[in-house]
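Numbering (the UniProt record's numbering), first residue to last: 1 to 261. Don't be surprised by glycine CBs; every beta carbon is placed ideally from N, CA and C. Since this is a predicted model, take the numbers as computed values, not measurements. Okay, so here's the structure we're looking at.
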Amino acid sequence: MAVKVFESVGKFGLALAVAGGVVNSALYNVDAGHRAVIFDRFHGVQDIVVGEGTHFLILWVQKPIIFDYHSRPCNVPVITGSKDLQNVNITLHIPFQPVTSQFPHIFTSTGEDYDEHVLLSIMTKILKSVVVRFDAGELITQRELVSKQMSNNLMERTATFGLILDAVFLTYLTFGKEFTEVVEAKQAAQQEADRARFMVEKAEQQEKAAIISAEGESKATELIANSLAPRWPDQAVQALSRSHNITYLLAGQSVLLRLSQ
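Structure below.
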């Protein structure tokens, strides 16, 4: 009798263990910041999006596909050509985020690795199509406009795949060796021209200063001669006005006036 009881208890425990294992296998968790899409072997991908928490599924029939919907960055390096056929090395930094309600569509159209399949392909094509509209000089001077056109085109295109772009940043922009050498030579020539222009302007200013100084000395000599004329004979005044390095102290004044040539 006792043996039968133990056998019954053992079978019941085994049944509970199996049932517990089955129930545990039918449970799945969706962590914070994630969403799940259910793939059904008979009906395909379901349209519902499962939120955070613990959920049931039908064993061997359903499978959960977990997606992370946090915003994260994507860097896209591309080598392409400008309007004037210059090689351009350019890198875009793009923070993006999937639309959670679009996860079933994202999974059926591009799969779990949608960021690699969609973003890299779309961004490379759009980047090249925008860069080819500008020559090398415009890519430098109109960088903000280039970035804006890329941003508008990318946002419009990626929206059809259920993706949202927070912004588009041009983080790297360089050109081929030949173009870089031409730019450096042009900058050196411009600096040399600026230096020459500065020297010419400096010489002109020095010449003007010398003329003003000479006019001032001539005027001072004339004023002194006029002030001495009533007291001194004309010949003495003329002789003194022609003399070099003579210092005068006029009557009633405490200021020394020195005439020099």
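**Study point:** Three CB pairs or more closer than 8 Å across the stretch 42-54 and the stretch 135-154
**Key:** no
Exercise for review: Have a look at the DSSP bridge pairing and note the partners of Y172.
Suggested key: Sequence index remark: in the sequence shown, residue 172 carries index 172 (1-based). Answer is T91.
Point to revise | Which of helix, strand or coil DSSP assigns to L145 | key: Walking along the sequence shown from the start, residue 145 turns up at place 145. Correct three-state label for L145: helix.
Practice item. Rounded to whole angstroms, what's the CA-CA distance from S213 to T221? Just pull it up for me. Key: In the sequence shown, residue 213 corresponds to position 213, counting from 1. In the sequence shown, residue 221 corresponds to position 221, counting from 1. Roughly 12 Å between the two C-alpha positions.
Check your understanding: Whose CA, out of S218, K83, D194, H70, lies closest to the CA of T100?
Key -> Locating residue 100 in the sequence shown gives position 100, where the first residue counts as 1. Among S218, K83, D194, H70, the Cα nearest to that of T100 is on H70.
Practice item. Return yes when the Cβ of T108 is within less than 8 Å of the Cβ of residue 292, no when it is not. Key: Residue 292 lies beyond the range of the chain shown here (1 to 261); nothing can be said about it.
Practice item. Could you check how far apart the C-beta atoms of G81 and V132 are, in whole angstroms? I think they sit under 8 Å. Key: Working through the sequence shown from its first residue, we reach residue 81 at position 81. Working through the sequence shown from its first residue, we reach residue 132 at position 132. That pair is a contact at about 6 Å.
Review point. What first and last residue would you give for the beta strand (DSSP E) that runs through residue 314?
Key: For the chain, the structure presents residues 1 to 261; residue 314 sits outside this window and is missing.
Exercise for review: Out of V200, T91, A26, state which residue places its alpha-carbon closest to the alpha-carbon of L59.
Suggested key: As a first step, residue 59 must be located in the sequence shown, where it is residue number 59. Among V200, T91, A26, the Cα nearest to that of L59 belongs to A26.
Review point. Do the CB positions of Q62 and F96 come within less than 8 Å of each other?
Key: As a working note, residue 62 is residue 62 in the sequence shown. As a working note, residue 96 is residue 96 in the sequence shown. Result no, Cβ atoms of Q62 and F96 do not sit closer than 8 Å.
Check your understanding: Over what stretch of residues does the alpha helix (DSSP H) that includes T124 continue unbroken?
Key -> As a working note, residue 124 is residue 124 in the sequence shown. Start and end: 120-131.
**Study point:** Strand pairing of T80, partner residues [DSSP]
**Key:** Here residue 80 is taken as the residue at index 80 of the sequence shown, counted from 1. Answer is V88, bridged to T80.
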